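Residue numbers (our numbering): 65 to 214.
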């Protein structure tokens with residue numbers, strides 16, 4: 065059986081983002097339309113579907129790590145802040161974006177909250193990602209012939 069670990073991450077995230085666009089529970093909140101994704105960024109994302117891509121990426125990270133909290137996800141999406149002539153410092157990403165994305169994924173039934181552990185995938189979320197990985201693998205084998213053994 066094909067899992068998330070077997071497929072290239074970029075193709076997988078793009079495919080899941082397209083699937084999430086058809087879900088009515090996953091929409092960009094009005095407060096995040098013009099927001100930056102972190103203090104290390106100068107401008108908001110130019111891609112109009114960036115919200116679905118971020119939600120797909122969060123789902124993949126939860127699948128890989130099995131349970132993860134908001135603060136760890138913030139550090140995953142952080143970067144180095146430009147402080148002018150002073151040295152760069154590492155800063156976390158936007159907590160609002162991560163929190164609202166997780167709330168929408170909970171509402172859709174893909175993720176659930178466990179006290180003391182953070183967020184974990186539900187059975188629906190795990191099967192959604194496994195089915196998406198299987199679909200991506202069928203498409204990817206044309207471009208990556210070394211993956212035919214899977």
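Glycine included, C-beta positions come from ideal geometry on N, C-alpha and C. None of the values given here were measured: they were computed from a predicted structure.
Continuous alpha helix (DSSP H) stretch holding residue i: start and end
i	result
residue 163	159-172
Three-state secondary structure assigned by DSSP to residue i
i	result
residue 175	strand
residue 152	strand
residue 87	coil
residue 144	strand
residue 67	coil
residue 74	helix
Beta bridge counterpart(s) of residue i as assigned by DSSP
i	result
residue 128	DSSP lists no partner for residue 128.
residue 92	According to DSSP, residue 92 bridges with nothing at all.
residue 102	157
residue 180	Answer is none; residue 180 lacks a bridge partner.
Beta strand (DSSP E) segment containing residue i, residue limits
i	result
residue 97	Run containing residue 97: none; DSSP gives neither H nor E here.
residue 189	Counting along the chain, residue 189 falls outside any beta strand (DSSP E), though it belongs to the alpha helix (DSSP H) covering 187-204.
Chain-order list of residues whose beta-carbon lies under 6 Å from that of residue i (same chain, five-residue window excluded)
i	result
residue 131	181, 182, 184
residue 76	200
residue 141	157
Cβ shell of residue i (< 8 Å), same chain only, five flanking positions each side left out
i	result
residue 107	100
residue 143	102, 104, 105, 154, 155, 157
Neighbourhood of residue i by C-beta, 7 Å cutoff - its chain only, sequence neighbours within 5 removed
i	result
residue 84	90, 116, 119, 120
residue 164	93, 96
Does the stretch 189-202 come into contact with the stretch 153-165, if we say contact requires no fewer than three beta-carbon pairs (one atom in each stretch) closer than 8 Å?
Result no; under three Cβ-Cβ pairs closer than 8 Å.
Stretch pair the stretch 158-173 + the stretch 87-99: three plus CB contacts closer than 8 Å:
With three or more CB-CB distances shorter than 8 Å, the stretch 158-173 counts as touching the stretch 87-99.
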